[in-house]
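Report on the following structure.
Numbering (UniProt numbering), first residue to last: 1 to 167.
Here's what the structure looks like:
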């Protein structure tokens with residue numbers, strides 16, 4: 001999958017200066033929100049090994065990138081909205097980030113709402129748990145970051161034209 005110019009996390013920053021830094025150096029996200037955004041971008045770009053490397057789940061501590069790919073490989077993540085953060089700063093030990101992530105699977109659209117919990121272990125932020133709800137058949141929500149023409153490459157990174165993919 002090609003690397004997008006604009007970061008999928010919705011920050012309006014260039015990917016390499018935003019989540020790309022963390023994808024290239026797992027364990028360096030300075031805050032829980034930065035880790036949350038980088039994990040969303042990793043899902044959008046199908047960097048499932050990064051997802052596995054940045055979590056410590058109690059219910060499935062040995063979950064691998066391949067396991068994550070099996071359950072998420074067909075999902076196109078199209079927009080992230082950060083709704084709330086609590087703690088999770090550089091000096092905190094725990095944090096919470098509530099978000100909504102819009103997705104597309106085949107011809108279906110949906111929205112995942114989650115309250116994610118993070119913990120700093122040995123100076124590294126990790127995702128440890130989340131409470132989520134999935135709403136199916138939601139209206140398609142295009143990314144706000146860039147106005148795309150029908151023939152422009154899709155922001156999801158599929159390599160297809162926008163009109164043939166998320167458009």
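Glycine included, every Cβ here is placed at the ideal spot set by N, Cα and C.
Please read these numbers as outputs of a predicted model, since none were measured by experiment.
Please determine, among 119, 56, 27, 37, the residue with the shortest C-alpha to C-alpha distance to residue 77.
37
Once DSSP output is grouped into helix, strand and coil, what is the label at residue 35?
helix
Are the C-beta of residue 81 and some C-beta of chain C separated by less than 9 Å?
Checking the listed chains, one finds no chain C in this structure; it contains a single protein chain.
Could you tell me which of 23, 18, 45 sits nearest to residue 53, measuring between CA atoms?
23
Can you name, in chain order, every residue of its own chain whose Cβ lies under 6 Å from the Cβ of residue 105, other than the five neighbours on each side?
74, 75
Alpha carbon to alpha carbon, how far is residue 134 from residue 91?
32 Å
CA nearest to the CA of residue 122, picked from 94, 129, 44:
94
Opposing strand residues paired with residue 58 [DSSP bridges]:
Bridge partners of residue 58: none, in fact.
Residue 12 - DSSP class collapsed to helix/strand/coil
coil
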